[in-house]
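Those sequence lines, one after another, are chains A and B.
Each residue of the first sequence is one higher than the last, beginning at 1 in this note's numbering.
Each residue of the second sequence is one higher than the last, beginning at 1001 in this note's numbering.
Where is the CB? At the ideal position from N, CA and C, for every residue including glycine.
To start, the structure under review is shown below, and the notes come after it.
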Amino acid sequence: MIDKNDKSAIILMFHVHKKYGSKKALININLDVSKNEFLFITGPSGAGKSTLLKLLYLGESVSEGQILIDGMNLSRISRKRIPLLRRKLGIIFQDYKLIPTKTVFDNVALVLEAMGKKRQFVQKKVNSVLRTVGMESRFNALPQSLSGGEQQRIAVARAVVGAPKIILADEPTGSLDSESAGVIFDLLKGFHTRGGTLIVATHDKELIRKTGCRAIHLKEGRQVSK
Amino acid sequence: MILFFKRAIYDIRTNRFLNAVTIITISLSILIVSSLVLFFVNANDYMNSWKKGIKIIAYLKPDIGKANLVDIKSKIQGLYGVAEAEFISKEEAMKRLREQIKRQSSLLDGLNENPLPDAFEIRLTGQSSNSEKIENLAVQLESLPEIDDVEYGQRWIGRFVKVFELFRLTGYAMSGIFFIAAVFIVANTIRLVIYSRREEIEIMRLIGASDRFIKAPFYIEGIIQGALGGIIGLAALFAAFFYISTSVEHGLSSDLLHIRFFPLRLSITIILCSMLVGWLGCFISLRQFLKE
Ligand SMILES: Nc1ncnc2c1ncn2[C@@H]1O[C@H](COP(=O)(O)OP(=O)(O)O)[C@@H](O)[C@H]1O
Ligand SMILES: [Mg+2]
């Protein structure tokens, strides 16, 4: 399905600025991410990594500049079509953002239900994804009964279940022990191997070295080359 | 759709207290409004049967020959608002008078000539019996050459009808106020439910759920609240009605006071209105939620 040799850009950012009030969080960011790229965004805390990801999923809107994702111009997109953008993306949040009142299964299934998928399909797909992340036995558990690493695995399952083109991950291993971090990282690599595009914000230099993938560095909101 | 229903039911169950309060409020509003409506339905029945009892008596001039009676009768019946005109001869009138005063009827024996005139007793159609129309009709009758005088005693009924109309308007206004109050109460509950679930809603949005997907269960919830509130309110009213009407009918063994409950169609309309209340409440709070 996904043509691995197609290396055209799937995300483009032109002269993007982001201000929170008078605070400049991002200054003149220019970036292109090609299909099936595994890109890291690094930088010290407060550098603007999370902000950059938020701009991509329209958690925040740009103050200046343009962003194109898979043919959609984010500054032109109507409110009604924001869900269409978000379905192209699988988002892994720093704080997991699982719904505390829903079971593991329901948390993951929600993505497919929101897409209007049939029940049998949802059932099958969610079970298979939970198996991939090694959480199939906990399908009926509530998130708070899981460890951080397990919650993050559910978050990954939820991010991939809708078969998105792109995964955005904000410090996915930041608060995990090295073993859990390894599991999460392998899952992300699996998504990349199957042809997905990834953007991962992290300050884990070890992780970047291990993969040898491209990384862009942010410092006080600016792109710096190393 | 089934999914939305499940989520709505789940929601009602998790926010049991909030939902119970809303449903009770709706049912109280429905109870109050529909008891007003019930009162008007019955009062209206009563007024109509009363109005049918209103009579105008038109006395004929003494020299009218029996031959003209058919002609006069058809003239009277041709007037607007007349249901029926019955001829009462002076002999008949005397007989009725004797019956009415029974014991003192010997007083009448002294008369050697019947002083009463021939007359027509005119019944009105139900709708045409407000006081202006009666007045109007009386004037028209008086202008007929064969008619000497017109009498219609129950002027006060006309006034009563006016009071009743005023009463009815007040009833409408009160129903309107309760309707709006109920809508806002539902809006408020849904707002609280949304507020208690804002984190969940935010997450749903982030994973690509459309507004429609997020809002549908709330609408279903509002409509279910409305339906339950309406049914409970009507049931309470029916219980009260049943209790009162049986005790009243024991005390007053008459067909005069025959009270009835709503016909089925009106009951269904009331429940539908109640569901509309739920829907509107949702609509208002969700519109605000969309703006944020
Ligand atoms: N919602 C916000 N309102 C105001 N300032 C913010 C907001 N979010 C982030 N910032 C500021 O923007 C800068 C970049 O933050 P962030 O993108 O979270 O950095 P990082 O993820 O790299 O640690 C920081 O100085 C932070 O204080
Ligand atoms: Mg951050």
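Between which two residues does the alpha helix (DSSP H) holding residue i run?
i                 : result
Glu179 (chain A)  : Ser178 to Thr193
Arg1123 (chain B) : First-last for Arg1123 (chain B): Ala1119 to Leu1124, but that is the beta strand (DSSP E), not the alpha helix (DSSP H).
Ser1106 (chain B) : Ser1106 to Asp1109
Arg86 (chain A)   : Ile82 to Lys88
Thr132 (chain A)  : Arg119 to Thr132
Phe1087 (chain B) : Where Phe1087 (chain B) is concerned, there is no enclosing alpha helix (DSSP H), although the beta strand (DSSP E) it sits in stretches over Val1082 to Ile1088.
Lys210 (chain A)  : Lys205 to Thr211
Arg138 (chain A)  : Segment: none, Arg138 (chain A) is in no alpha helix (DSSP H) and carries neither H nor E.
Leu110 (chain A)  : Val104 to Ala114
Phe1004 (chain B) : Ile1002 to Thr1014
I think residue i touches residue j, with their Cβ atoms under 8 Å apart; what is that distance to the nearest whole Å?
i                 : j                 : result
Asn1171 (chain B) : Ile1223 (chain B) : The question names Asn, yet the displayed sequence has Gly at residue 1171 (chain B). At roughly 26 Å, the Cβ-Cβ gap does not stay under 8 Å, so Gly1171 (chain B) and Ile1223 (chain B) are not in contact.
Arg86 (chain A)   : Leu1206 (chain B) : 7 Å
Ile167 (chain A)  : Ile41 (chain A)   : Ile167 (chain A) to Ile41 (chain A), Cβ: 13 Å. No contact.
Val111 (chain A)  : Val161 (chain A)  : 5 Å
Leu1038 (chain B) : Phe1241 (chain B) : 7 Å
Glu37 (chain A)   : Arg214 (chain A)  : 7 Å
Asn1068 (chain B) : Glu1091 (chain B) : Going by Cβ atoms, the distance from Asn1068 (chain B) to Glu1091 (chain B) rounds to 18 Å, so no, they are not a contact pair.
Ile1064 (chain B) : Glu1146 (chain B) : 5 Å
Ile1026 (chain B) : Ser1274 (chain B) : 6 Å
Ile92 (chain A)   : Pro172 (chain A)  : 5 Å
Ser1029 (chain B) : Ala1182 (chain B) : 4 Å
Lys1055 (chain B) : Glu1099 (chain B) : Rounded, the Cβ-Cβ distance is 17 Å, inconsistent with contact.
Gly43 (chain A)   : Leu218 (chain A)  : 4 Å
Tyr1152 (chain B) : Ile1177 (chain B) : With a Cβ gap of about 39 Å, Tyr1152 (chain B) and Ile1177 (chain B) do not count as contacting.
Leu1003 (chain B) : Glu113 (chain A)  : 6 Å
Leu1036 (chain B) : Met1174 (chain B) : 6 Å
Ile1201 (chain B) : Ile1214 (chain B) : 6 Å
Gly221 (chain A)  : Ala47 (chain A)   : 7 Å
Tyr1262 (chain B) : Val1041 (chain B) : Sequence check: residue 1262 (chain B) is Phe here, not Tyr. Yes, Phe1262 (chain B) and Val1041 (chain B) are in contact; Cβ-Cβ is about 7 Å, under 8 Å.
Gly1081 (chain B) : Leu1137 (chain B) : 5 Å
Arg153 (chain A)  : Val133 (chain A)  : 4 Å
What is the residue span of the beta strand (DSSP E) that residue i lies within?
i                : result
Ala163 (chain A) : Careful: Ala163 (chain A) lies outside any beta strand (DSSP E) and carries neither H nor E.
Leu198 (chain A) : Thr197 to Ala201
Ile216 (chain A) : Ala215 to Lys219
Gln223 (chain A) : Arg222 to Val224
(message) Extract the residue ranges of the beta strand (DSSP E) inside the stretch 1029-1073 of chain B, only unbroken runs of 3 or more that lie entirely within it.
(response) 1055-1060
(message) Does the contact criterion of 3 or more C-beta pairs under 8 Å hold for the stretch 111-126 of chain A versus the stretch 153-164 of chain A?
(response) yes
(message) Ignoring anything shorter than 4 residues, give me the alpha helix (DSSP H) runs that lie fully in the stretch 1136-1199 of chain B, in order along the chain.
(response) 1155-1196
(request) Tell me the start and end of each unbroken alpha helix (DSSP H) in the stretch 9-87 of chain A that is at least 4 residues and wholly inside, in chain order. (result) 49-56
(request) Please list, in chain order, all residues with a C-beta atom less than 5 Å from at least one heavy atom of ligand 1. (result) A:Tyr20, A:Ala25, A:Ser45, A:Gly46, A:Ala47, A:Gly48, A:Lys49, A:Ser50 and A:Thr51
(message) With a threshold of 8 Å, are at least 3 pairs of Cβ atoms found where one atom belongs to the stretch 1016-1026 of chain B and the other to the stretch 1179-1191 of chain B?
(response) yes
(message) With three or more beta-carbon pairs closer than 8 Å as the criterion, would you say the stretch 167-185 of chain A touches the stretch 147-154 of chain A?
(response) yes
(request) Kindly confirm or deny that the stretch 1189-1197 of chain B and the stretch 1217-1235 of chain B touch, where touching means at least three C-beta pairs closer than 8 Å. (result) yes
(message) Just to confirm the assignment: which complete alpha helix (DSSP H) runs, minimum length 4, are found wholly within the stretch 1198-1266 of chain B?
(response) 1198-1206 and 1211-1251
(message) Can you confirm whether the stretch 22-33 of chain A touches the stretch 70-77 of chain A when touching is taken to mean that 3 or more C-beta pairs between the two stretches lie within less than 8 Å?
(response) no
(request) Say whether the stretch 8-16 of chain A touches the stretch 55-68 of chain A, bearing in mind that this needs 3 or more beta-carbon pairs closer than 8 Å, one atom from each stretch. (result) yes
(message) I want to know whether the stretch 1066-1086 of chain B touches the stretch 1130-1144 of chain B - three or more CB-CB distances under 8 Å.
(response) yes
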